[in-house]
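S.K.: First the structure, then my questions, so here it is.
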Amino acid sequence: MITLERVSKTYGSGGRAVQALEDIDLTVPKGTIHGVIGLSGAGKSTLIRCVNLLERPSAGRVFVDGQELTALDAAQLRQARHQCGMIFQHFNLLTNRSVYDNVALPLELMRESREAIRERVMPLLELTGLADKARQYPAELSGGQKQRVAIARALASRPKVLLCDEATSALDPQTTTSILSLLQEINQQLGLTILLITHEMEVVKSICHRVGLISDGRLVEEADVGDFFTAPATRLGREFLNDFLELEPPQALVERLEAEAGPHTHPVVRLTFSGDSVSTPLISRLAREHGIDVSILQAKVESIQGRTLGLMIAELMGGAEQTRQALATLESFDLHVEVLGHVQRTD
Amino acid sequence: MSSALIDLVWQSTLETLYMVAVSGLIAALLGVPLGVLLYVTRPRQILAQPVINTLLGVITNVGRSIPFIILLVAIIPFTRMIVGSSIGTNAAAVPLTIAAIPFVARLVEGALNEVSPGLVEAAQSMGATPLQIILKVLLPEARGGIINGLTITVVALVSYSAMAGAVGGGGLGDLGIRYGYNRFNPTVMLITVVVLVVMVQLFQSLGDYLVRKSDHK
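Chains as they are written, first to last, in my numbering: chain A, 1 to 347; chain B, 348 to 564.
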C-alpha cells in the first residue's frame, strides 16, 4: 500500500548539507500496522513526511496505493492526499472550530455538500467516542480527546492510509493505551493501513505488526515485531529492547564491573531467552553439568505478540575453566548471551 | 458650559469618529490582504516568493517610516485626486488611510505568525489549496490577533486624527489646539482630552470584547 524506493532527503546544500534520509526502502502491505522507531533526530519525522510529500524527497520514489506521488503535479497531489490521513503529536486541531467543524474540515476542502458532511461526520464522532462533544471546542478537551478528534478528522476523507507522527508521545500512559486500541480497532474494522513513527517501544509492542529501526537517516533493521523483541539484529535494536525492558544491571553492580577477566573474577552475563530456550531448565543444568553457581541479579518475562521473552542478568560463579564451558553451553542454545563484564569474587 | 461649546464639542466628536471610521474601514479592507501577502510570501511559507516579499516589505516599511504630519502634506496632490479637495474632513481621511494600511498589514502579519505551523501542515496533509489554507486556517485562527491589531489601529487613528487640523479636517484634536491652546481656554482643552480618553476606552473595550467572543483558544 505504501512503497518508498531509495528515498533520500538532504537539507541545505554544499558544505552545510545535512542528509536527513539516506536510501530508504520501505514497503507497508495493505492492512498492516508498520512502526518505525528511532531516537530523536534519527529522521523519523522526515520519513513520515516524505510519504505524503509534506517533505519532498531529494531522490527516490514514493507510491501510495499504486500511485506514484513523486510524479504528480500540485493539483494531483492534493487529490492524492485525500488517500492519506495524518495525525500529529500535538494534534494540530483548529482552535476556533468546534469538534464537529474540525472533523468536517477535510470534507469542506473537498467541497462536499453540507448534508454529505453531516452524514460523514456524525458516524466518525460515534466511532471515536466523541458524539457528545460535537459542539465543544478543542481547548475544552483533554489530550486524549483531542487526539480522537484528530483521528476522526484524518478518517473523514475515507483514506486508505493513516500516517501517525508520534501520535501518543504527548499523552500519558493510560491515554496512550486507549488511543492505541482505537488505532488497532480502525485497522481491523476499516482495514486501514497504518504507518506510525514513535520513540516508544510500548507503541510498537502494543499494535505494530512490523517494525523498522531508523538511525542517522538509515533503516538499519526491519523485522516482524515478535522477532524484533526476541532477537533484535543490531546493537541499537538491543539497546532499545534493554531500555524498554528496563533490564540494565543495577548501579552498585556496574560500579564493580571490570572490562577484563582477572584471576579472581566471575563473569556477569545478560541472557535473552526466546523460543524453545524459554522452557529449558538452563540454570539447573549449569549447576549440575558444570558445577557453576548462578546468582540471578535481575530477571523478567514478557509476552509479545503471543511470544514469550525472558531476560536475565546473572553472575556465573565458578572456576575459570568451568565458567568458560558454561558459557559455551549457554551459547549452544537458542538464546543471546552478552558478557557485561567481570566482578571480583567475594567468596 | 454654553450650549455653543457643547455643539462645538459634539460636532468635533462626530468629525473625529467619521475620520477614524472611514480610514479604519478602508485600511482594514486593504491592510488585511497586504498583511496576508506579507506572510504567505515569506520564505518557506505556502506561497513563498522572496522577491515579492522583499518588495512588499520595503514598501510597507517606507509607508510606516514617514512621519504622519509630513505624509499629510506630502500627498496633497493624491488627496485632491481622490476626494477632489485638499482640505476638509474627507481630505484628512485620505492620509489617515494611507498611514494605517501598512500599520494594519504588519499587525496582521504578526497575528498570522502566531498561528501554529502545525495547523498549516495539517491542512496541507488534507490536500488544501493555498487559498483554502488562508481562508479556512490562517485567517480564522488568527482572528483574535487580527481584531486586536485593528483595535490598536483604531486607537492610533484617533490620535493621528488630531493632526487633521493641519489640513482643515476638524475633529477633537483640532478643537483642542484652536480653542484650548491658541485661545488659552483650559476648559475646552480639558473637555477635548476627556472625550478622547473616553472614546479610546470605548474602542479598546469593544475590541477586547470582540476578541474574547471570537477566540476559543
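Cβ coordinates follow ideal geometry from the N, Cα and C atoms, glycine included.
Beta-carbon within less than 7 Å of residue 375 (chain B)'s beta-carbon, same chain only, minus the 5 sequence neighbours each way: which residues are those?
M.R.: Once the five neighbours on either side are set aside, the close Cβ partners of residue 375 (chain B) are 451 and 497.
S.K.: Spatial neighbours of residue 479 (chain B) within its chain, please: CB distance less than 8 Å, with the 5 preceding and 5 following residues excluded, ordered by chain position.
M.R.: Closer than 8 Å at the Cβ level, and outside the excluded window around residue 479 (chain B), lie 470.
S.K.: DSSP three-state label for residue 208 (chain A), please.
M.R.: Three-state DSSP puts residue 208 (chain A) in coil, outside helix and strand.
S.K.: Step through the CB atoms of chain B and report whether any lies within less than 7 Å of the CB of residue 100 (chain A).
M.R.: Answer no: the Cβ-Cβ gap between residue 100 (chain A) and chain B never drops below 7 Å.
S.K.: Around the Cβ of residue 165 (chain A), are there at least 16 other Cβ atoms within 10 angstroms (buried) or fewer (exposed)?
M.R.: Answer is buried; the Cβ neighbour count reaches 16.
S.K.: When you compare the region 51-66 of chain A with the region 214-233 of chain A, are there three or more beta-carbon pairs, one atom per stretch, that lie closer than 8 Å?
M.R.: They do not touch, by the three-pair rule.
S.K.: Please state whether DSSP places residue 300 (chain A) in a helix, a strand or coil.
M.R.: Three-state DSSP puts residue 300 (chain A) in a strand.
S.K.: Is residue 411 (chain B) closer than 7 Å to residue 400 (chain B) when the C-beta atoms are compared?
M.R.: No, Cβ-Cβ distance for residue 400 (chain B) and residue 411 (chain B) is not below 7 Å.
S.K.: Can you pull the chain B neighbours of residue 108 (chain A), defined as C-beta to C-beta under 9 Å?
M.R.: Correct list: 479 and 483.
S.K.: If we ignore side chains and look at the alpha-carbon of each, how far apart do residue 141 (chain A) and residue 483 (chain B) end up?
M.R.: Cα-Cα distance, rounded: 22 Å.
S.K.: Where do the N-terminal and C-terminal ends of the alpha helix (DSSP H) with residue 174 (chain A) fall, by residue?
M.R.: First-last of the alpha helix (DSSP H) with residue 174 (chain A): 173-190.
S.K.: What are the residues of the region 454-475 of chain B that lie near chain A, defined by any Cβ-Cβ distance shorter than 8 Å?
M.R.: Cβ contacts with chain A: 463, 465, 466, 468, 469, 470, 471, 472, 473, 474 and 475.
S.K.: Give the residues of chain A in contact with residue 487 (chain B), contact being defined as C-beta atoms less than 8 Å apart.
M.R.: 94, 96 and 97, listed in chain order.
S.K.: In angstroms, rounded to a whole number, what distance separates the CA positions of residue 200 (chain A) and residue 173 (chain A)?
M.R.: The alpha-carbon atoms of residue 200 (chain A) and residue 173 (chain A) are separated by roughly 11 Å.
S.K.: Against chain B, with Cβ distances strictly below 7 Å, would residue 82 (chain A) count as a contact?
M.R.: Yes, its Cβ sits closer than 7 Å to a Cβ of chain B.
S.K.: Just the C-alpha distance for residue 559 (chain B) and residue 453 (chain B), rounded to the nearest angstrom, thanks.
M.R.: In a straight line, the C-alpha of residue 559 (chain B) is about 22 Å away from that of residue 453 (chain B).
S.K.: Give the residues of chain B in contact with residue 21 (chain A), contact being defined as C-beta atoms less than 9 Å apart.
M.R.: Correct list: empty, because the minimum Cβ distance to chain B is about 18 Å.
S.K.: What residues from chain A crowd round residue 340 (chain B), counting only those whose CB sits closer than 7 Å?
M.R.: There is no way to answer for residue 340 (chain B), as the model of chain B reaches only from 348 to 564.
S.K.: Are the CB atoms of residue 146 (chain A) and residue 159 (chain A) nearer to each other than 7 Å?
M.R.: Going by C-beta atoms, residue 146 (chain A) is not nearer than 7 Å to residue 159 (chain A).
S.K.: Assuming contact is defined by CB atoms lying nearer than 7 Å, are residue 518 (chain B) and residue 363 (chain B) in contact in what I supplied?
M.R.: In contact: residue 518 (chain B) and residue 363 (chain B) (Cβ atoms closer than 7 Å).
S.K.: Pull up the CB-CB distance for residue 37 (chain A) and residue 211 (chain A), whole angstroms please, since I reckon it's below 8 Å.
M.R.: Between residue 211 (chain A) and residue 37 (chain A) the Cβ distance is about 6 Å, and since that is below 8 Å, they are a contact.
S.K.: Where do the ends of the alpha helix (DSSP H) carrying residue 255 (chain A) lie?
M.R.: First-last of the alpha helix (DSSP H) with residue 255 (chain A): 251-256.
S.K.: Please decide whether residue 242 (chain A) counts as near chain B, where near means a Cβ-Cβ distance under 7 Å.
M.R.: Chain B, which has no Cβ nearer than 7 Å to the Cβ of residue 242 (chain A), makes this no.
S.K.: How many Å lie between residue 355 (chain B) and residue 477 (chain B) at the Cα?
M.R.: Cα to Cα, residue 355 (chain B) sits roughly 51 Å from residue 477 (chain B).
S.K.: Around the C-beta of residue 103 (chain A), are 16 or more other C-beta atoms found within 10 angstroms, so that it is buried, or is it exposed?
M.R.: By the neighbour-count rule (16 or more Cβ atoms within 10 Å), residue 103 (chain A) is buried.
S.K.: List the residues that DSSP assigns as beta-bridge partners of residue 24 (chain A).
M.R.: Bridge partners of residue 24 (chain A): A:7.
S.K.: Start and end of the beta strand (DSSP E) containing residue 331 (chain A)?
M.R.: Taken as a continuous stretch (DSSP letters only), residue 331 (chain A) belongs to no beta strand (DSSP E), being part of the alpha helix (DSSP H) at 320-332.
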